[in-house]
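Notes follow the structure.
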Amino acid sequence: MSFSPLTGDALAAATAPLMLPRRIESARLTLCMFREDHFEALARMHGDADTMRFMGGPRDNDTNWRGMATMLGQWELLGYGAYAVEAHGQFVGRCGLYHPLHWPERELGYCFLSEARGQGYATEAATAVRDAAIAAGARRLISLINPDNEPSLKVAARMGATRTDQGDVGEGPMIRFVHDMRPLAGGDITGAEGAKPTPKTRTKTPRKRT
Amino acid sequence: MSIPARYILRHDLALAAIAAGFTMPETLRTARLTLTRLSLRDRDGNQQMYCEEETARFIGGVTDPAGAYERLAMHAGHWVLRGCGSYALRLTGEDEYLGGAGIWFPHGWPELEIAYGLMPEARGKSYATEAVRAIRDAAWHAGAPSLVSYIDPRNVASQRVAKAAGAQAEATVCLSGKPCTVWRYPRRGAA
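Protein chains in written order, with numbering that gives the first Met the number 0: chain A, 0 to 209; chain B, 0 to 190.
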């Protein structure tokens, strides 16, 4: 079952042009463009059956390189895309906006190496990307999460995302979460060309959407 | 995919050239054609090419619009990672997408390959040969260590293009599970 198509304001918000910064710094993480030297760790992550359980299963190296090129190429085509996430200079995962043609709309997605989990990296990276998107004028972002993917559900909950409906994009059932895109109180966020990191201004508990 | 043993050295030389900054021009011009680095402008043409069984048969196989779009993004990323990639072919000054041609060297590919595919209505006019010659010359100029085209033994039209651009059949190898002939372009001045 595919997701119901967007209409009205949601459609306008989901399809408005968007340009994201190519580099974002958060408290512990650097989000940057994929490079050839990220490939080995990315391939290890995407080759791991457990990690890929909710994302269509593990993939071989040739597929993974093409996947990395596709993620990078989406930046060229659309002006936004997925970041390689580094902690202490090492690749720990990927996070950013995915928008394949058969996706219902642009999605904030994330995936981390098994040894990098349990440290809040996914929440930190996804929040940084969401905030960069808000700063760039985005009014709508979703995440698609398998109903059995507990760690990912927790990330969406921590970020205050709202569960809306369920569908399938070819990788099993997915719940659509709509992110809290209200403007940030503190103005600019990290990542804009030369901008200095500013403290987070969001409260920890998800606020009620108006 | 594993690289056939006899091509490992050439594969490593290609990787080394890319690491050392091998970069193809973003635009090439021939007598009739302008070749531009593949971009969002080419989305519809790219989709037509990959979604039609007969056209896509020898360039990765037919796919749906989502798959075609993914290939477009992949080619765009290939440019970023490899410093080279696929060009859209158009008659200079015109808008109609005639096909794609360029350097193809994804992970696991034995050597830098000149790959090409034309829309059905653009065939029989030697556009592919013209594009391949320009790509070949630009690639030698940019420092390509070796150049080949991998061609399905049944794809007679493509073999004619490679031959017209100076390539010679060398051997048959298995690539992505399919047999194909290695057509090697002799170095400039060496043939």
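Backbone N, C-alpha and C define an ideal beta-carbon position, used for all residues, glycine too. Here the structure is a predicted model, which means the values were calculated and not measured.
- Taking a cut-off of 8 Å for Cβ pairs, the segment 79 to 93 of chain A and the segment 16 to 32 of chain A touch, as three or more such pairs fall below it.
- Here B/K177 is bridged, per DSSP, to B/L174.
- Boundaries of the beta strand (DSSP E) around A/Y109: E106 to F111.
- Straight-line spacing of the CA atoms in B/I102 and B/Y184 works out to 13 Å.
- Beta-bridge partners of A/Q165 (DSSP): A/I174.
- Residue range F38 to H45 is occupied by the alpha helix (DSSP H) that includes A/R43, with no beta strand (DSSP E) assigned at that position.
- Put simply, the CB of A/A40 is far from chain B, with every gap to its CB atoms at 8 Å or more.
- A Cβ-Cβ separation of about 13 Å leaves B/L80 out of contact with B/L111 under the 8 Å criterion.
- Within chain B, the residues placing a beta-carbon under 7 Å from that of A/L71 are G76, V79 and L80, ordered along the chain.
- In this structure, B/I150 lies away from B/C173, with their beta-carbon atoms at least 8 Å apart.
- Among the CB atoms of chain A, none fall inside 8 Å of the CB of B/P144.
- Looking from the CA of A/I23, the closest CA among A/R105, A/C94, A/R181 and A/E104 belongs to A/C94.
- Listed as beta-bridge partners of B/R183 by DSSP are B/V147 and B/Q167.
- Taking the Cα of A/L77 as reference, the smallest distance to any Cα among B/R40, B/Y126, B/G60 and B/W182 is reached at B/R40.
- Residue contact check for A/P20 against chain B: no CB pair falls below 8 Å.
- Counting other Cβ atoms within 10 Å of its Cβ, B/P144 reaches 16 or more and is therefore classed as buried.
- A/G92 counts as buried, since at least 16 other C-beta atoms from the protein chains shown sit within 10 angstroms of its C-beta.
- By the criterion of at least three beta-carbon pairs nearer than 8 Å, the segment 51 to 61 of chain B is not in contact with the segment 73 to 89 of chain B.
- A residue is called buried once 16 or more other Cβ atoms fall within 10 Å of its Cβ, and A/G56, having fewer, is exposed.
- Here B/V61 carries a coil assignment [DSSP, helix/strand/coil].
- Following the DSSP letters along the chain, one finds B/E112 inside the beta strand (DSSP E) bounded by residues E112 to L117.
- Counting other Cβ atoms within 10 Å of its Cβ, B/S148 reaches 16 or more and is therefore classed as buried.
- Looking at the DSSP output, A/S142 bridges to A/F176.
- Taking the Cβ atoms as the reference, B/P64 lies roughly 18 Å from A/L5, outside the contact range of under 8 Å.
- Close partners of A/R65 in chain B (Cβ separation under 7 Å): M73 and P105.
- A/G7 and B/G82 have their alpha carbons spaced roughly 41 Å apart.
- Secondary structure of A/Q73 (DSSP, three-state): helix.
- Counting along the chain, B/L32 sits inside the beta strand (DSSP E) bounded by residues L32 to R36.
- Beta-bridge partners assigned by DSSP to B/S1: none are found.
- A direct Cα-to-Cα measurement between A/G159 and A/S25 gives close to 19 Å.
- With fewer than 16 other Cβ atoms from the protein chains shown falling within 10 Å of its own Cβ, B/A4 counts as exposed.
- Put simply, the backbone Cα of B/A19 is about 11 Å away from that of B/A141.
- Contact between A/R175 and A/G166 is confirmed by a C-beta separation of about 7 Å, below the 8 Å threshold.
- Within 7 Å of the CB of A/L100, the CB atoms of chain B belong to P64, A65 and Y68, in sequence order along the chain.
- Counting along the chain, the unbroken beta strand (DSSP E) around B/W103 starts and ends at G98 to W103.
- A Cβ of chain A is located within less than 8 Å of the beta carbon of B/L39.
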